[in-house]
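Here's the structure we're looking at; comments come further down.
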Amino acid sequence: MKSAPKSVPLLEIKGTTLAMTVLQAALRSADLPSLADSLTDQYGPSSDFFSFEPTVIDLGELPADIELDWAGLLPLLRRYQVAPIGVRNASPAQAEAARNVGLIVVEEAETQVRHSPRRAEAETPAAPAAPTAAAAAPAQAELDIAPANAPANEAPAAAPAAEAAPSGTLVLDKPLRSGQQVYARGGDLVVLAMVSPGAEVIADGNIHIYAPLRGRALAGARGDANARIFTTCFEAELTSVAGVYRTFEPGSEKSLTGKPVQIRLEGEKLVLEALKTS
C-alpha cells in the first residue's frame, strides 16, 4: 500500500546565496530635516537613481549614545528609492533599536566601500546646452549613499554569460535585457551587443560598447577618474565615471543621439564627445 504524498509547504524558507550590489548610507546626523535637506542637495527632490537597491546604514560617524528616529528615517530613504536592510558600526543600543524595526546588524568585514556617486554638471562640447544637473555632493554631506560591495545586482532574469580575456577584460557578446546587470571587477568591460533600457553595465575600468547603449553605464566604479565610456550608438539613460553621474531624458542630447560617443571625467564634470569614425 502506497503512503499518502507529503503536502508541499505553502511557505518554505531556505538558505541561498545572492550576488547583489549593496549600497552604504553614511549617516552623519540624526536630525531628519537636515538629512532631508542633504538628500535634496545631492539628488534633487526625489530620485530613481538607486532603484530600491538594498542599503546598509553606516552609523560609525554618529555618537554611540545618539537615538535615531527610525520611524522617520526609513520612509525618508525609501522616498529616494533606497531600501534599508541593515546597519553597521552601531553601538549595542543602536543595534537593538535597529533590530526592533526589522533591520539586520552587519559585521564590519561583510561590506566593502566603493566610490560615492555624485551628480555631474553637464558639459557637451560643440553641442546645444543641456539642462544643468544638480551640483556635486559636498565632501562631508550629512548623508552619503554609495555602493558598498561590488558584485552585480540580482536581476529578474540571469545576465548573459561573459568571458574574461587574459588581460582581465570582461567580454559580453549577448544582449542585456531590462533589469540585467553585468559588473567587470578590476578591469575593463567590452560589450558586443545592445544594452537595453533598464539594463546596467559596470566596470572598475573602461567600458567599450560596440552596439546601442540604451541603459546605464558606470565606469571607474571604484573611483578611477581616468576611466572612460565608449559606445558606437549613444542613447543612454545614465552614465557615470568614478561616481560622477548624469541622467538623460529621451532626446535631450539630439546632437549625439545615435552617434559614436565617448564619456570622460574632467574635474567634476562629465564630458560627452562625438567620436570620429574615419
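If you count the sequence shown from 1, position 257 lands on 257 in full-length UniProt numbering, and the numbers rise without skipping.
Using N, Cα and C, we set each Cβ at its ideal position, and we do this for glycine too.
Predicted model, so just to flag it, every value in this text is computed and none were measured.
Check, Outcome
"CA-CA distance, D65 and L76?", "22 Å"
"Indicate whether A93 and V105 have their beta-carbon atoms separated by less than 9 Å.", "no"
"Do M194 and A211 have their CB atoms nearer than 9 Å?", "yes"
"Apart from the five residues just before and just after G60, which ones in its own chain have a Cβ nearer than 6 Å to its Cβ?", "N89"
"To the nearest angstrom, how far is the alpha carbon of S116 from that of G168?", "Note that S116 scores a pLDDT of 43, beneath 50, so its modelled location is shaky and nothing firm can be said."
"Here's the rule: buried if 16 or more other CB atoms are within 10 angstroms of the residue's CB, otherwise exposed. What is A71?", "exposed"
"Just list the beta strand (DSSP E) runs in the segment 61 to 112, keeping only unbroken ones of 3 residues or longer that don't cross its boundaries, in chain order.", "82 to 88"
"Based on DSSP bridge pairs, tell me the residues matched to F230.", "H208 and Q262"
"Assuming L270 contacts V241 under a Cβ cut-off of 8 Å, what Cβ separation, rounded to an integer in Å, is found between them?", "6 Å"
"If I follow the unbroken beta strand (DSSP E) through A25, where does it start and stop?", "L23 to L27"
"Assign N206 to one of two classes, buried (16 or more other C-beta atoms within 10 Å of its C-beta) or exposed (fewer than that).", "buried"
"Take the Cβ of R264 as the centre, count every other Cβ of all protein chains shown within 10 Å, and call the residue buried at 16 or more, exposed below.", "buried"
"The alpha helix (DSSP H) that contains S34, what's its start and end?", "L32 to Y43"
"If you draw a straight line from the alpha carbon of T277 to that of T55, how long is it in whole angstroms?", "42 Å"
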